[in-house]
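*Asks:*
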DNA sequence: ATCATAGTCGTCTGCCTGACGATAAACACC
DNA sequence: GGTGTTTATCGTCAGGCAGACGACTATGAT
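Residue numbers (my numbering), protein chains in the order written: chain A, 4 to 255; chain B, 4 to 255.
1) Under a Cβ-count criterion, where at least 16 other Cβ atoms within 10 Å of its own Cβ denotes burial, should residue 105 of chain A be classed as buried or exposed?
2) Going by other Cβ atoms of all chains shown within 10 Å of its Cβ, with 16 needed for buried, is residue 49 of chain A buried or exposed?
3) Name the chain A residues whose beta carbon is nearer than 9 Å to that of residue 15 of chain B?
4) What are the start and end residues of each continuous alpha helix (DSSP H) run of 4 or more residues lying completely inside the stretch 48–116 of chain A, in chain order?
5) How is residue 241 of chain A classed by DSSP in three states: helix, strand or coil?
6) Alpha carbon to alpha carbon, how far is residue 174 of chain B from residue 216 of chain A?
7) Where do the ends of the alpha helix (DSSP H) carrying residue 214 of chain A lie?
8) Just verifying my parser: in three-state terms, what is the DSSP assignment at residue 140 of chain B?
9) Are there 16 or more other CB atoms within 10 angstroms of the CB of residue 27 of chain A, so buried, or fewer, so exposed?
10) Quick one: Cα of residue 55 of chain B to Cα of residue 117 of chain B, how far?
11) Measure the beta-carbon distance from residue 186 of chain A to residue 219 of chain A and round it to whole angstroms, keeping in mind my assumption that it falls under 8 Å.
12) With a threshold of 16 other CB atoms inside 10 Å of the CB of residue 203 of chain B, please say whether the residue is buried or exposed.
13) What did DSSP end up calling residue 193 of chain A once you bin it into helix, strand or coil?
14) I'd like to know if residue 48 of chain A contacts chain B, where contact means its C-beta is closer than 8 Å to some C-beta of that chain.
15) With a threshold of 8 Å between beta-carbons, can residue 96 of chain B be considered close to chain A, or not?
16) List, in chain order, every chain A residue whose beta-carbon is nearer than 8 Å to that of residue 109 of chain B.
17) Take residue 235 of chain A as the anchor and find which of A/192, A/181, A/168 has the nearest alpha-carbon.
18) Of the residues A/72, A/247, A/252, which one's Cα is nearest the Cα of residue 195 of chain A?
19) Which residues of chain B have a Cβ atom closer than 8 Å to the Cβ of residue 52 of chain A, listed in chain order?
20) Does the count of Cβ pairs from the stretch 131–140 of chain B and the stretch 160–177 of chain B closer than 8 Å reach three?
21) Excluding the 5 residues preceding and the 5 following residue 139 of chain B in the sequence, name in chain order all residues of the same chain whose CB lies nearer than 7 Å to its CB.
22) With a CB to CB cut of under 8 Å and the five nearest residues on each side skipped, what residues in its chain are close to residue 190 of chain A?
23) Quick check: what's the CA-CA separation for residue 155 of chain A versus residue 102 of chain A?
24) Closest to residue 95 of chain B by C-alpha separation, out of A/58, A/131, A/86, would be which residue?
25) Hey, is residue 69 of chain B close to the ligand MG, as in C-beta under 7 Å from one of its heavy atoms?
26) Suppose the cutoff is 6 Å on Cβ atoms and the five residues either side in sequence are ignored; what does the same chain contact list for residue 222 of chain B look like?
27) Have a look at B/208, B/141, B/248, B/201 and flag the residue whose alpha-carbon is nearest the alpha-carbon of residue 177 of chain B.
28) Per DSSP, what kind of secondary structure is residue 176 of chain B in: helix, strand or coil?
29) Taking the alpha carbon of residue 90 of chain A as the point to measure from, which residue in A/210, A/97, A/52, A/62 has its own alpha carbon closest?
30) Buried or exposed for residue 226 of chain B, going by 16 or more other Cβ atoms inside 10 Å?
31) Note down the Cα distance separating residue 34 of chain B from residue 24 of chain B, rounded to an integer number of angstroms.
32) What is the DSSP secondary structure of residue 165 of chain B, reduced to helix, strand or coil?
33) Who are the Cβ neighbours of residue 129 of chain B in its own chain at under 8 Å, not counting the five residues just before and after it?
34) Kindly indicate the opening and closing residues of the beta strand (DSSP E) around residue 228 of chain B.
35) Classify residue 86 of chain A: buried if its beta carbon has 16 or more other beta carbons within 10 angstroms, exposed otherwise.
36) Based on DSSP bridge pairs, tell me the residues matched to residue 26 of chain A.
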C-alpha cells in the first residue's frame, strides 16, 4: 500500500486516567464532573488531549499532576518519592465512543496512597473519590441518595479494566505498597489487599507470607500504634517488584 | 479547560502486529520488508493505518487477514475455528518514533499455529517468519549470513514486549493451545512451552500437570504417531481460559 | 485491674511440584 | 523376529507452601 502523508485519517488522541486509592477500607477512584456536552454534569474519568510534542506517558503524568498534585513515579526509578505508580492500561478507539469526532484514548492506571485531597481548580464539587462499586453499578444510588448515573463515554469499561488490572497485579507484584504511605505496617498492607480484593484475609498467614518474601518489605526499625492495639513494626517497600511465589487471591 | 473541536492536534493512528508462531522448535515472528522510506529495505512488523470508521480491533484483524490470511479469533467466542488469537498489546506514541509525522501505534499480539505460509501480495521476499532472537539481536547476523539490521522504528521494543506478554501469559492461561492445531498431543503442547520459554521441561511432570488441570484439555479419543514413538492421545483445547494454579516457568 | 484490639510466632495437614524410576507402544534396522 | 530407539504415560517420594487455627504479647480504653 503506497504511503501518502497527506492521506492518513486524522484522529484526536487523549489520555484518560484510572486513579485508584484506598480510603476507609474501600477501593476508590478519582472522578470528575463534566462541565460541557456531551455528558454534561455526568461523572467521568480525568483526562485530556495529548499535546503534539508530548509522549503518552508524559501526557498521563501531566494530567495526573494537574488533577491531584501527585508526581508520577517512573517505574524504572526505584527511589520511592511521594509519587504515585503510573502505567499504561489499554487503548480505546471505538468509532462511536465520542459522538463529536474520532477519538482514541490511551488509558493509564495510577495507584496512589490515601493522603491527597482531590483538587480540580479549587472546585470541590467537580472532583471526588468514589468507591469503585458505586461508580460501576449502573442505575443505583450513590451514598447521598443521589442517582448514580453511569460514567460518561466508555469510562465504566475503562474503570472496570483498570480495577481488574490492579486486582490481578497486586497478586504477583509488590504494587500494593503503592497504596501505602512511605512507612507502613503489615496490617495496613493487609487492609489494602482486603479493600482491593474485597475479601478478608487471615492476619497470621498474611504476616508470614509478606515478611517471608525476600525483598518485599524492609523494616525501618520504628514502630507505631496508629491502628490501636499492640505496636506494629514499620516497613518500607523493598526493591523486589515481582513476588515469587505470588500472593494468591482466595477463590470465589 | 474549554473544549474546542477544531483545536485538537491531529494524529495518525496505526496498528502494528506482533504475530507469533512456533516453527521448528523456535518462537518466530512475522516480519515484512519495508518498500519505502524511512527504513526502506529494513524488516518491520506488519501494520497499517486505522480507517476512520473502524475499531482498533477490527483494524488489527483486517491487517492480520491481509498479511497472513488468518481469521482473527474473537476471545469472547469460545468456538475454536481456524482463527488466531488476537489481543491488544500496548500503545506506542513517542513523538519521534516516526520521523515523518506524529504517529500513535496501537500494537496487537497475535498467536497462530504453524501452518500458514507468509504471504504479502504473493511476494515471498517481502514477508517471512524469523526467530525472535534473530530479530531482536542487534547487529548480529541472520541465518543466511545476511546482516541482521535492527527492526524499523521502535518495532524491536514492540516485539520484545509482545514476546514477554506471550511468555508470561501462557503461564496462567490456556493460550499456549493457540500455537497448536485443532487437535494436538501433550508432547506437542510441551514443545510449544519449551520453544516459547526457551527451556526444557520434564515430560512426566508436564503431562501430569496439563492432564490434571480441569478444563484445560479435552481428549478427542483419537491417537497419533506423527511425532514418532508410542502413539499419543489427541486433545482439543478445553473451555478453561485461566489455569489455577498456574504453570510455573522454571527459574533462571 | 480488666477488657478490647491488633500484632506476632507456631503447629499441623493437605496439596502441589520437582526429581526420577519404570513400563508401554510404536518404528527402524538387521 | 529380535533389538534398539523414540516417545508417551503411570508411579513414587521428598520438600515447600498455603490454609486453618491455637497461643501469646503489647498497647489503649474503662
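Where is the CB? At the ideal position from N, CA and C, for every residue including glycine.
*Replies:* Walking through what the data contain:
1) buried
2) buried
3) 8, 11, 12, 13, 14
4) 59–71
5) coil
6) 21 Å
7) 206–215
8) coil
9) exposed
10) 33 Å
11) Their Cβ separation, rounded to whole angstroms, is 15 Å, which puts residue 186 of chain A and residue 219 of chain A out of contact at 8 Å.
12) exposed
13) helix
14) no
15) yes
16) 94, 96, 107
17) A/192
18) A/252
19) 11, 12
20) yes
21) 159, 162, 163
22) 206, 230, 235
23) 12 Å
24) A/58
25) This structure does not include the ligand MG; it has no bound ligands of any sort.
26) 236, 238
27) B/248
28) strand
29) A/62
30) exposed
31) 12 Å
32) helix
33) 35, 36, 38, 123
34) Run containing residue 228 of chain B: none; DSSP gives neither H nor E here.
35) buried
36) A/29
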